[in-house]
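> Below is the structure I would like to discuss, written out as C-alpha cells.
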Amino acid sequence: MTTEAKAGAAGPRALAWQRRRRSAVRFWQQYRTHRAGLVGLAGLALFALLALTAPLTVGTDVSSVTGAPGRPMESPSAEFPLGTDRFGRDLLGLLVWGSRVSLLVGLLAAALSVAIGTTVGVTAGHFKGAYATVLMRITDWFLVMPTLVLAIALATVLPRSLGTVVLAIGVTSWPTTARLVRAQTLAVESRPYIERAKALGGGHWHVMSRHVLPNVMPLVLAQTTLMISSSVLAEATLAFLGVSDPTVLSWGGLLQDAREAGAVSSGNWWYLVPPGIAIAVVALAFTLCGRAVESVLNPRLGVGR
Amino acid sequence: MTADAPSASAVKAAAPAVRGQRARTATGYLRYGAGKVGGAAVSLLAVLATGFFLFRLIPGDPVKTMTGGRPISAEQLAAYREEFGLDLPLWQQFTDYCGKALTGDLGTSYQFRAPVVDKISEALPNTLLLTGTAFVLYTLLGIVLGTRSAWRHGGLGDRLNTGLALTLYSIPSFWLGLLLIIVFSVGVGPVPGLFPTGGMESGGEEGFAYVLDVAHHLILPVVTLVAVEYGQTLLVARSALLDEMGSDYLTTARAKGLRDDLVRRRHAVPNALLPTVTLVFVNLGRTVAGVILVETVFSWPGLGGLFYQALSVPDLPLVQGLFLFFAAAVIVMNTLADLVYPLLDPRVGR
Numbered sequence: 001m002t003t004e005a006k007a008g009a010a011g012p013r014a015l016a017w018q019r020r021r022r023s024a025v026r027f028w029q030q031y032r033t034h035r036a037g038l039v040g041l042a043g044l045a046l047f048a049l050l051a052l053t054a055p056l057t058v059g060t061d062v063s064s065v066t067g068a069p070g071r072p073m074e075s076p077s078a079e080f081p082l083g084t085d086r087f088g089r090d091l092l093g094l095l096v097w098g099s100r101v102s103l104l105v106g107l108l109a110a111a112l113s114v115a116i117g118t119t120v121g122v123t124a125g126h127f128k129g130a131y132a133t134v135l136m137r138i139t140d141w142f143l144v145m146p147t148l149v150l151a152i153a154l155a156t157v158l159p160r161s162l163g164t165v166v167l168a169i170g171v172t173s174w175p176t177t178a179r180l181v182r183a184q185t186l187a188v189e190s191r192p193y194i195e196r197a198k199a200l201g202g203g204h205w206h207v208m209s210r211h212v213l214p215n216v217m218p219l220v221l222a223q224t225t226l227m228i229s230s231s232v233l234a235e236a237t238l239a240f241l242g243v244s245d246p247t248v249l250s251w252g253g254l255l256q257d258a259r260e261a262g263a264v265s266s267g268n269w270w271y272l273v274p275p276g277i278a279i280a281v282v283a284l285a286f287t288l289c290g291r292a293v294e295s296v297l298n299p300r301l302g303v304g305r
Numbered sequence: 001m002t003a004d005a006p007s008a009s010a011v012k013a014a015a016p017a018v019r020g021q022r023a024r025t026a027t028g029y030l031r032y033g034a035g036k037v038g039g040a041a042v043s044l045l046a047v048l049a050t051g052f053f054l055f056r057l058i059p060g061d062p063v064k065t066m067t068g069g070r071p072i073s074a075e076q077l078a079a080y081r082e083e084f085g086l087d088l089p090l091w092q093q094f095t096d097y098c099g100k101a102l103t104g105d106l107g108t109s110y111q112f113r114a115p116v117v118d119k120i121s122e123a124l125p126n127t128l129l130l131t132g133t134a135f136v137l138y139t140l141l142g143i144v145l146g147t148r149s150a151w152r153h154g155g156l157g158d159r160l161n162t163g164l165a166l167t168l169y170s171i172p173s174f175w176l177g178l179l180l181i182i183v184f185s186v187g188v189g190p191v192p193g194l195f196p197t198g199g200m201e202s203g204g205e206e207g208f209a210y211v212l213d214v215a216h217h218l219i220l221p222v223v224t225l226v227a228v229e230y231g232q233t234l235l236v237a238r239s240a241l242l243d244e245m246g247s248d249y250l251t252t253a254r255a256k257g258l259r260d261d262l263v264r265r266r267h268a269v270p271n272a273l274l275p276t277v278t279l280v281f282v283n284l285g286r287t288v289a290g291v292i293l294v295e296t297v298f299s300w301p302g303l304g305g306l307f308y309q310a311l312s313v314p315d316l317p318l319v320q321g322l323f324l325f326f327a328a329a330v331i332v333m334n335t336l337a338d339l340v341y342p343l344l345d346p347r348v349g350r
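Top line first, the protein sequences correspond to chains A and B.
Per UniProt numbering, the very first residue in the first sequence carries number 1; after that it's consecutive.
Per UniProt numbering, the very first residue in the second sequence carries number 1; after that it's consecutive.
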C-alpha cells in the first residue's frame with residue numbers, strides 16, 4: 001500500500017517500471033521451476049561465451065588455409081583433440097570459430113522473421129476487413145509453401161553472402177509468428193481498455209504501439225527463441241547445400257567440407273560428429289528455452305517440465 | 001448417431017429430418033469444396049508469379065547467369081535472348097511463361113539439355129516411393145507415440161518420448177543421414193557395413209530380387225526421414241489429445257465401465273486425430289525440405305537429388321521448374337486434405 005502510494009507520487013512512468021520489474025521477477029521465479037528450460041539456458045550461455053571469446057581462445061587465423069598447423073585429415077590426438085580437416089586445420093578451433101557465424105545468422109534471421117511476423121500479425125489483427133483478409137491469405141500461402149525450397153531459390157538468385165542467407169531465412173519463416181501474434185492481438189483488442197483508449201482519442205498507432213504491442217511482447221519473446229532454433233538449422237542446411245557464402249565458415253559449411261572431402265566413405269566420423277552435435281545442442285537449447293517461456297506464459301499448453 | 005440404441009419409432013420420426021440435413025450438407029460441402037479449390041487456384045497462380053519474378057531478381061542479364069558465366073558469342077546471346085523471350089516486354093514474358101507452365105512446358109534444363117518436365121517425371125516415382133513410405137511410417141509412429149504420451153502425460157514414458165522427439169527434431173536431417181551411412185554402410189570398428197551407401201539399386205537385378213534390392217537401399221533414407229519428421233506429428237497428436245483429456249464424454253465413457261484402453265482408442269483418439277491430420281498436411285512443406293536433404297545425402301535418384309544437382313551448377317530453369325513443382329504439389333496435397341476433412345469431421349464445412 002505504502003509503496004504504491006509512493007510510486008504514485010513518483011509519477012506514472014516510475015509506476016509502470018516498477019510493475020514491469022515485478023512481473024519480470026515473477027516470470028523468472030516461474031521459469032526457474034522448469035528444469036528443461038534451465039538446462040537450455042545454461043547451454044545457451046555456454047555457447048554464447050564460446051562464440052564471444054573465440055578470438056581470444058582460438059585466435060582469428062584459425063580458418064586460414066595457408067598456415068594450417070597439421071597434416072590433412074588427422075584423427076584426434078593430444079595436439080588436435082578433434083582431429084584436423086582436409087586442409088590440416090584444427091577442427092576444434094574451426095568448431096569454436098564456426099559458432100560465431102551460425103549463431104549470428106541464426107539470431108539475425110530470427111529477428112528479421114519475428115519482426116515481419118509481428119508487424120503482419122499486429123496490423124492484421126488491428127485493421128480488420130479486406131486488408132487483414134488479404135494479409136492472412138498471404139500468410140497462409142507462406143505457411144503451406146515448402147519454405148526451404150523458397151529460401152534456397154532466393155539464395156541461389158541473389159549474390160552469395162551472409163546477408164542473403166539472413167534474408168532468405170527471414171522472409172520465408174515469418175508466417176507462424178504472424179498467425180500467433182494476430183490471434184493474440186484479436187484477444188487483446190476485445191478488452192475494454194482498448195475501447196477506452198479509442199474513446200479518449202487514441203489513434204491506430206497509439207493503440208497498436210502502446211496497448212497491443214506490450215501485450216503481445218511475451219508471446220513474441222517465446223516465438224523468437226523458437227525461431228532462432230529453426231534459423232540455426234536453416235542456416236546449416238543452406239550452408240550444407242552450398243548456397244551460403246563459401247568464404248565464411250559455419251557449422252553447416254564444415255559438414256559440407258567434410259562430405260566433399262570424403263569423410264563419409266572413409267568413415268572419418270570425428271570430422272562429422274562435432275559440428276552436427278553443436279547444431280543440435282544449440283537448436284535444442286533454444287527450443288527448450290522457448291518451450292519453457294511458452295509454458296510460463298500459457299500454463300494451459302500442457303508442455304512437460 | 002450419438003444415442004446408443006434409439007427406439008424404432010424415434011428413428012422413423014427422425015428419418016426425414018436426417019435426409020433434409022444430408023441434402024443441406026451436400027450443398028454445404030459443394031460450396032466449401034468450391035471455396036477450397038478456388039483458394040488453391042489462387043495459391044497456384046501466386047506460385048507461378050513468384051517463380052517468374054523470383055528468377056528475374058537476378059542482378060544482371062539472366063542469359064549470362066544461365067550460361068554460368070561461360071563466354072558466348074554475340075549471336076548466341078541474341079539467340080538465347082530470343083529463345084527465352086527476353087526481348088519482349090515484361091508483361092508479355094509473364095503471360096508467355098504462364099501459358100507455357102500451364103501446358104506443362106517448364107523450359108529446358110541447362111545442364112542435362114533435356115526438358116525440365118522430362119527430368120521431373122523421371123525422378124518423381126523414386127521420390128514418391130521414398131516419401132510415401134516415410135510419410136505413412138512417421139505419421140503412424142507420431143500418432144501412436146503422441147497419443148500414448150498424452151494419455152499418461154507427465155509420466156516417465158511421456159517425458160522420454162517428448163524428449164527424444166524434440167532432440168531428433170533439433171538434429172539436422174542431413175547430418176543424421178551422414179552418421180547412419182558411416183555406422184551402417186561404411187561400418188565402424190568391428191561392425192561391418194550392412195546397407196548400401198546410396199543410390200536406389202545395385203543394377204543387374206530382375207523381378208523379386210530387384211524389389212528386395214530397392215527395399216535394401218530404401219531402409220536408411222526412410223529411417224532418417226522418419227526420425228527427423230515423426231517428432232512434429234508426435235507433439236501435435238499429443239497436444240490434440242491433451243485438449244480432449246478433460247472432456248465430459250470421456251468421463252461418460254468411463255462411467256459406462258469401458259476399459260481405459262477402449263476409452264482411449266474408441267473415444268479420445270478419433271477426436272484428437274482430426275487436428276493432427278490437418279497439421280500433418282500443413283507440415284508437408286517441411287517434409288519437402290527433409291526429402292531434398294535425405295535424397296542428397298543418400299544419392300537417391302529423386303526430385304530432391306535433382307534439386308541439389310540443379311543448385312550446384314546453378315541450373316536455373318531446373319531450379320525454377322522444381323520450385324514450381326514442389327510448391328504446386330504441396331498446395332494440391334493440402335487442398336485434397338481440406339476436401340477429405342469434412343468427410344471425417346461433419347462439423348467442418350457446413
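No residue lacks a Cβ here, since even glycine has one placed at the ideal position from N, Cα and C.
#1: Please report the straight-line C-alpha distance between E294 of chain A and A222 of chain A, rounded to a whole angstrom.
#2: Given this structure, state the Cα-to-Cα distance separating H34 of chain A from V282 of chain A, to the nearest angstrom.
#3: Can you have a look at R89 of chain A and say buried or exposed, based on whether 16 or more other CB atoms are within 10 angstroms of its CB?
#4: Using C-beta distances below 8 Å, list every residue in its chain close to G141 of chain B, excluding the 5 sequence neighbours before and after it, in chain order.
#5: Is the beta carbon of V186 of chain B less than 8 Å from the beta carbon of S75 of chain A?
#6: Could you check what DSSP says for T60 of chain A in three-state terms: helix, strand or coil?
#7: I want to verify the contact list: residues of chain A whose CB lies under 7 Å from the CB of N334 of chain B, in sequence order.
#8: Work out the CA separation of V220 of chain A and D61 of chain A for me, nearest whole Å.
#9: Using the three-state DSSP reduction, which class does D96 of chain B fall into: helix, strand or coil?
#10: Using 8 Å for Cβ pairs, my map puts S133 of chain B next to V222 of chain B. What's the rounded Cβ distance?
#11: Counting only Cβ pairs nearer than 7 Å, list the residues of chain E close to A283 of chain A.
#12: Helix, strand or coil for P115 of chain B, going by three-state DSSP, please let me know.
#13: Alpha carbon to alpha carbon, how far is G106 of chain A from A78 of chain B?
#14: Distance check for G163 of chain B and G154 of chain B, CA to CA, integer angstroms please.
#15: Would you call the stretch 33 to 50 of chain A in contact with the stretch 86 to 103 of chain A, where contact means no fewer than 3 C-beta pairs closer than 8 Å?
#16: Check the Cβ of L327 of chain B against every Cβ in chain A and list those closer than 8 Å, keeping chain order.
#17: Nearest by alpha-carbon distance to F325 of chain B: which of B:Y29, B:L124, B:A74 and B:Y32 is it?
#18: So, is E191 of chain A buried or exposed, given that buried needs 16 or more other C-beta atoms within 10 angstroms?
#19: Between which two residues does the alpha helix (DSSP H) carrying V222 of chain B extend?
#20: Quick one: using the 10 Å Cβ neighbour count with 16 as the cut-off for buried, is G204 of chain B buried or exposed?
#21: Determine, using beta carbons only, whether G193 of chain B and F298 of chain B come nearer to each other than 8 Å.
#22: Counting contacts by CB-CB distance shorter than 8 Å, is T197 of chain B in contact with chain A?
#23: Using only the alpha-carbon positions, how far apart do A124 of chain A and T185 of chain A sit?
#24: Rounded to a whole number of angstroms, what is the C-alpha to C-alpha distance between R13 of chain A and T57 of chain A?
#25: For the stretch 196 to 206 of chain A against the stretch 110 to 117 of chain A, are there 3 or more C-beta pairs whose distance is under 8 Å?
#26: On the premise that S102 of chain A lies in contact with E235 of chain A, defined as a C-beta separation below 8 Å, what is that separation, rounded to the nearest angstrom?
#27: Chain B partners of W141 of chain A, CB-CB under 7 Å?
#28: In angstroms with no decimal places, state the Cα-to-Cα distance between S77 of chain A and V232 of chain A.
#29: What in chain B is Cβ-close to R71 of chain A, meaning under 9 Å?
#30: By the three-class DSSP mapping on this structure, what secondary structure does D245 of chain A have?
#31: Identify, in the order they occur along the chain, each residue of the same chain with its Cβ nearer than 7 Å to the Cβ of A3 of chain B, setting aside the five sequence neighbours on each side.
#32: I'd like to know whether the C-beta atoms of V181 of chain A and V122 of chain A end up nearer to each other than 8 Å.
#33: Kindly indicate if chain A contains any beta-carbon less than 8 Å away from that of T167 of chain B.
#34: What first and last residue would you give for the alpha helix (DSSP H) that runs through R266 of chain B?
#35: Can you name the residues that DSSP bridges to T108 of chain B?
#36: Give the single residue among B:A41, B:T335 and B:C98 whose Cα lies nearest to the Cα of T278 of chain B.
So, to answer that:
#1: Between the alpha carbons of E294 of chain A and A222 of chain A lies a gap of roughly 6 Å.
#2: The straight-line gap from Cα to Cα measures roughly 18 Å.
#3: Counting other Cβ atoms within 10 Å of its Cβ, R89 of chain A reaches 16 or more and is therefore classed as buried.
#4: Correcting the residue type first, residue 141 of chain B is Leu in the shown sequence and not Gly. Contacts found: V226, Y230, T233 and L234.
#5: No; because the gap between Cβ atoms is not below 8 Å, this pair is not in contact.
#6: Reduced to three states, the DSSP call for T60 of chain A is coil.
#7: Within chain A, the residues near N334 of chain B are V144.
#8: C-alpha separation (whole angstroms): 38 Å.
#9: Shown here, D96 of chain B sits in a helix according to DSSP, grouped into three states.
#10: It is Thr, not Ser, that sits at residue 133 of chain B in the sequence shown. Between V222 of chain B and T133 of chain B the Cβ distance is about 5 Å, and since that is below 8 Å, they are a contact.
#11: The chain inventory of the structure shown lacks chain E, comprising the protein chains A and B.
#12: Strand, per DSSP.
#13: Straight-line measurement puts the Cα of A78 of chain B at about 43 Å from the Cα of G106 of chain A.
#14: Whole-angstrom Cα-Cα distance: 12 Å.
#15: Yes, they touch.
#16: At residue 327 of chain B the sequence reads Ala, which differs from the Leu that was named. Residues of chain A whose Cβ lies closer than 8 Å to the Cβ of A327 of chain B are, in chain order, M145, P146, V149 and L150.
#17: The option with the nearest alpha carbon to F325 of chain B is B:L124.
#18: At residue 191 of chain A the sequence reads Arg, which differs from the Glu that was named. By the 10 Å Cβ count, R191 of chain A comes out exposed.
#19: Secondary structure note for V222 of chain B: its alpha helix (DSSP H) is the uninterrupted segment G207 to E244.
#20: By the neighbour-count rule (16 or more Cβ atoms within 10 Å), G204 of chain B is not buried but exposed.
#21: No, Cβ-Cβ distance for G193 of chain B and F298 of chain B is not below 8 Å.
#22: Put simply, the CB of T197 of chain B is near chain A, with a gap under 8 Å to one of its CB atoms.
#23: Distance from the CA of A124 of chain A to the CA of T185 of chain A, rounded to the nearest whole angstrom, comes to 9 Å.
#24: Distance between the alpha carbons of R13 of chain A and T57 of chain A is about 44 Å.
#25: Contact between the stretch 196 to 206 of chain A and the stretch 110 to 117 of chain A is absent, because fewer than three Cβ pairs lie under 8 Å.
#26: So it is a contact: roughly 6 Å between Cβ atoms.
#27: Those within 7 Å of W141 of chain A in chain B are S43 and A46.
#28: Rounded to the nearest angstrom, the gap between the Cα atoms of S77 of chain A and V232 of chain A is 30 Å.
#29: Residues of chain B passing the Cβ test: none, with the nearest at roughly 22 Å.
#30: The DSSP-derived three-state label of D245 of chain A is coil.
#31: Bear in mind that the predicted position of A3 of chain B carries a pLDDT of just 34, short of 50, making it too unreliable to give a figure here.
#32: Their beta carbons are under 8 Å apart, which means V181 of chain A touches V122 of chain A by this criterion.
#33: For T167 of chain B, the closest Cβ of chain A is nearer than 8 Å.
#34: Here R266 of chain B belongs to no alpha helix (DSSP H), and DSSP marks it neither H nor E.
#35: For T108 of chain B, the pairing in a beta bridge is given by DSSP as B:P115.
#36: Ranking the options by Cα distance to T278 of chain B, first place goes to B:T335.
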